[in-house]
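Residue numbers (the working numbering): 244 to 624.
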């Protein structure tokens, strides 16, 4: 059987629960404790629906109050000077809101403008762009990831924390000044990853997912060179590491990604099915391969028969070194079809929202070891 996992899940809730709570918080109708309670409830609910759908290893750290890049900026202490506390205190939820929305209070500088917004690759999602200075320092400043791991483990879940990789995070940021080379900041950033991995290991975590979607881009040679060096350093840290790529194929970076000194690699076979045979041939014999066979960026149902054929072929080559997942995070999907009472049965038949995509992943996994499940899967395809 291929292990069924998810790269990330939607966080807003069926009825825009998170957005409504955030709006109430901003209007003073809900205090911070109340907002955090809504977040905890949504996380618990979304972990459970994924588990009930058949996902065996649940993503943790994919929840964000605004966007995952902004969350990472607070985690790493990348807070522009205009938002920092005068007493040097760690950032708060109010800091996050200010970085995302700006401040309107009048001051000598006329208030603080929000961080620039950019598109998350070619999705309809946006993120707040990190700002890096020549004297940029990094420090672990935000406990959300560790708190969520404890929440999930207390509920009895097997978890896989999700982090944006160091090179993708730096690539997505913006240099404040011509004298700032973002790539030169990586050596300052790596000790934080080491610290995070050690803390997660102390919490009983076995696997961590490191998102490096820029590996599907045409990268400059110095960034390509940095990958091998960075992950040679990070391999000394505890935890098994899964590099996740999505939103395209690895193309010229395929050999680089396949040979990074990590324990697993996730590839997007929805956007780039042609990379599969080459990657299969070049994957080191010790490494897990995660196949993104269910489209995580659309609401269309999966062609299960076609996906199962690929999975069965991979299982013959890889055995128990095979995982299956959506192609990318399910961040952009509505929660589930059961909540959609305005759709008729015929229209629902061609759709799959976040819950259904988890069910598709689990069905593919089960079909590998159960001939009757495979027959049933083909009958419904």
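Backbone N, C-alpha and C define an ideal beta-carbon position, used for all residues, glycine too.
query                                                                                                                   : result
Coarse secondary structure for residue 302, derived from DSSP in three states                                           : strand
Cα-Cα separation between residue 521 and residue 368, rounded to whole angstroms                                        : 31 Å
Residue 470: first and last residue of the uninterrupted alpha helix (DSSP H) it sits in                                : 464-477
Start and end residues, alpha helix (DSSP H) containing residue 414                                                     : 409-415
Cα-Cα separation, residue 440 to residue 391                                                                            : 15 Å
Assigned exposure category for residue 497 - 16 Cβ within 10 Å defines buried                                           : buried
Residue 410 to residue 249 span [Cα, whole Å]                                                                           : 22 Å
Strand pairing of residue 360, partner residues [DSSP]                                                                  : 371
Range covered by the beta strand (DSSP E) that runs through residue 454                                                 : 450-454
The region 537-550 touching the region 457-470, judged by at least three CB pairs closer than 8 Å                       : no
Residue 550, buried or exposed, once every other Cβ within 10 Å from all chains shown has been counted against 16       : buried
Residue 508 beta carbon less than 8 Å from that of residue 486                                                          : yes
N-terminal and C-terminal residue of the alpha helix (DSSP H) that residue 627 is part of                               : Nothing in the structure corresponds to residue 627, since the chain is present only between 244 and 624.
Exposure of residue 570, with buried meaning 16 or more beta-carbon neighbours within 10 Å                              : buried
Reference residue 607, options 336, 408, 345, 298, closest by Cα                                                        : 298
Opening and closing residue of the alpha helix (DSSP H) in which residue 549 lies                                       : 547-561
Cα-Cα separation, residue 372 to residue 355                                                                            : 15 Å
Beta carbon of residue 252 nearer than 8 Å to that of residue 573                                                       : yes
Reference residue 419; option with closest CA among 324, 594, 494, 393                                                  : 324
Nearest-angstrom Cα separation, counted from residue 274 out to residue 301                                             : 29 Å
Sequence-distant residues of the same chain with beta carbon closer than 6 Å to residue 321, five excluded per side     : 373
Continuous beta strand (DSSP E) assignments of at least 3 residues falling wholly in the region 270-349                 : 301-303
For residue 426, three-class secondary structure by DSSP                                                                : helix
Buried or exposed (CB count within 10 angstroms, at least 16 for buried), residue 417                                   : exposed
Alpha-carbon to alpha-carbon, residue 271 and residue 468                                                               : 49 Å
Secondary structure of residue 520, DSSP reduced to three states                                                        : helix
Residue 513 (DSSP reduced to helix, strand or coil)                                                                     : coil
Residues near residue 564 in its chain [Cβ-Cβ closer than 6 Å; skip 5 each side]                                        : 531
Sub-8 Å separation of residue 292 and residue 403 beta-carbons                                                          : no
Paired residues, beta bridge with residue 403 - DSSP                                                                    : 302
Close-in-space but distant-in-sequence residues of the same chain around residue 577 (CB under 6 Å, 5 per side omitted) : 596
Through-space distance from residue 407 to residue 515, alpha-carbon basis                                              : 21 Å
Between the CA atoms of residue 245 and residue 260 - distance to the nearest angstrom                                  : 34 Å
Nearest-angstrom Cβ-Cβ length linking residue 523 and residue 479, presumed shorter than 8 Å                            : Contact doesn't hold; Cβ gap of about 28 Å is too wide.
Residue 245, DSSP secondary structure in three states                                                                   : coil
Per-residue burial, residue 377 [other beta carbons within 10 Å of its own, 16 or more giving buried]                   : exposed
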